[in-house]
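At position 85 of the sequence shown (counting the first as 1) the number is 85 in the numbering used here, and the numbers step up by one without a gap.
Just so you know, even glycine gets a beta-carbon here, dropped at the ideal spot from N, CA and C.
Values in this document were obtained by computation on a predicted structure and should not be read as measured data.
Okay, structure first, notes after.
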Amino acid sequence: MDIFTKNLIEKPIEWLTTHGVSIILIFVIGFATYHIGSWLIKRLIKAVIFSAKRTVWSQKDIKKRQDTVNSMFMAIWKLLIGFFIVVSVSREAFPNVNFSTFIASLGAISVMISLGAQSLIKDFLNGIFIVSENQYRVGDVVDIDGYTGTVTYVGTRVTILRDLDGNVHYFPNGSISHVINKTMTYSISRLKIGISPDADLDKAIDLINKIGKQLADKPEWKNKIIKAPHFDSISSIDGKAIELVIVGKTQPSDQWVVSSKIRQMIIEEFIKNEITLA
Numbered sequence: 001m002d003i004f005t006k007n008l009i010e011k012p013i014e015w016l017t018t019h020g021v022s023i024i025l026i027f028v029i030g031f032a033t034y035h036i037g038s039w040l041i042k043r044l045i046k047a048v049i050f051s052a053k054r055t056v057w058s059q060k061d062i063k064k065r066q067d068t069v070n071s072m073f074m075a076i077w078k079l080l081i082g083f084f085i086v087v088s089v090s091r092e093a094f095p096n097v098n099f100s101t102f103i104a105s106l107g108a109i110s111v112m113i114s115l116g117a118q119s120l121i122k123d124f125l126n127g128i129f130i131v132s133e134n135q136y137r138v139g140d141v142v143d144i145d146g147y148t149g150t151v152t153y154v155g156t157r158v159t160i161l162r163d164l165d166g167n168v169h170y171f172p173n174g175s176i177s178h179v180i181n182k183t184m185t186y187s188i189s190r191l192k193i194g195i196s197p198d199a200d201l202d203k204a205i206d207l208i209n210k211i212g213k214q215l216a217d218k219p220e221w222k223n224k225i226i227k228a229p230h231f232d233s234i235s236s237i238d239g240k241a242i243e244l245v246i247v248g249k250t251q252p253s254d255q256w257v258v259s260s261k262i263r264q265m266i267i268e269e270f271i272k273n274e275i276t277l278a
């Protein structure tokens with residue numbers, strides 16, 4: 001066997017025996033650290049959030065807050081572990097390279113890059129403020145700059161919404177200027193029913209209040225309704241219809257299902273009691 005062939009076989013084997021085991025060990029340690037750290041982070045976040053004295057928060061609010069903070073911290077934790085693995089493997093694979101000088105140079109380069117990446121920094125900082133100020137959480141229904149949907153992800157850089165048509169919207173955190181949270185702490189069920197001007201108005205109002213109380217007293221709806229739907233006001237009247245406004249207070253994000261159910265019950269009762277719908 002000539003020297004070239006011998007070196008071609010022995011050198012890789014030598015490298016694997018001296019560095020390969022260490023590199024595998026780095027990946028194992030990184031993998032274990034990531035999963036153990038993830039478990040500890042989630043437990044700590046859960047303990048802190050559930051121990052906070054937030055009497056106005058429902059269990060649904062607390063769960064949303066927990067999921068959102070988890071997603072933010074897990075993204076940061078994943079970046080840290082990834083950086084540790086890359087640096088450790090590089091040092092082990094290339095022992096003759098002075099990585100201290102490289103890292104110092106990287107710091108100087110990062111300063112120059114940051115001047116051209118201010119939007120990314122703005123996204124990150126705004127993402128931190130969104131989570132720390134509890135502006136919205138994963139699972140909330142929000143309106144962001146005119147687009148409405150359910151929050152599916154809040155990260156260090158973007159917020160993701162999915163609208164009623166299934167479309168997914170991506171918002172860089174730094175560009176978000178106006179947010180309406182439709183499911184914070186509680187929600188309002190508000191709907192309108194039109195009746196004929198010839199209908200018995202007092203009877204219609206009494207039926208609405210009776211139906212609202214009946215719905216709120218049902219066991220399967222008690223955990224959704226905070227205040228029973230009831231007659232609130234007359235929003236308009238003309239020669240064709242009297243428009244009645246029904247309002248109730250619900251748990252976060254339950255307003256739509258409550259509105260749908262109360263509308264169904266009112267229509268059925270109005271038909272039975274010969275109150276003409278307009």
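Host alpha helix (DSSP H) of residue i (start-end)
i, result
"S260", "255-272"
"P219", "219-222"
"K63", "59-93"
Extent of the continuous beta strand (DSSP E) run through residue i
i, result
"L125", "Element bounds for L125: not the beta strand (DSSP E) but the alpha helix (DSSP H), 118-132."
"L244", "242-250"
"A199", "Looking at the DSSP string, A199 is not in any beta strand (DSSP E), and its letter there is neither H nor E."
"A228", "225-237"
"G149", "147-154"
"R162", "158-162"
Residue j beta carbon less than 8 Å from that of residue i
i, j, result
"K64", "R137", "yes"
"A278", "S196", "yes"
"D140", "H178", "no"
"L207", "F270", "yes"
"V258", "I211", "no"
"Y170", "V158", "yes"
"L201", "I246", "no"
Best match in the options for proximity to residue i [C-alpha to C-alpha]
i, options, result
"N134", "G149, T150, V154", "V154"
"I205", "A216, I242, T185", "I242"
"N173", "S132, T150, M184, N126", "N126"
"K213", "D198, H230, V69, K203", "H230"
"S175", "L164, I130, L25", "I130"
"D232", "N209, K240, D61", "N209"
Residue i at chain C interface by Cβ criterion, 8 Å
i, result
"I130", "Here chain C cannot be found, since the structure has a single protein chain."
Any non-hydrogen atom of the ligand ADP within 7 Å of residue i CB
i, result
"T185", "As presented, the structure is devoid of all ligands, the ligand ADP included, so that no description of it is given."
Straight-line Cα distance separating residue j from residue i
i, j, result
"F73", "I41", "8 Å"
"L244", "P219", "27 Å"
"F31", "N167", "35 Å"
"R263", "I193", "8 Å"
"D238", "W256", "28 Å"
"I188", "R91", "58 Å"
"Q66", "E268", "41 Å"
Rounded Cβ spacing between residue i and residue j (contact assumed at less than 8 Å)
i, j, result
"T156", "S253", "With 8 Å as the limit, T156 and S253 do not qualify as a contact, their Cβ atoms being about 25 Å apart."
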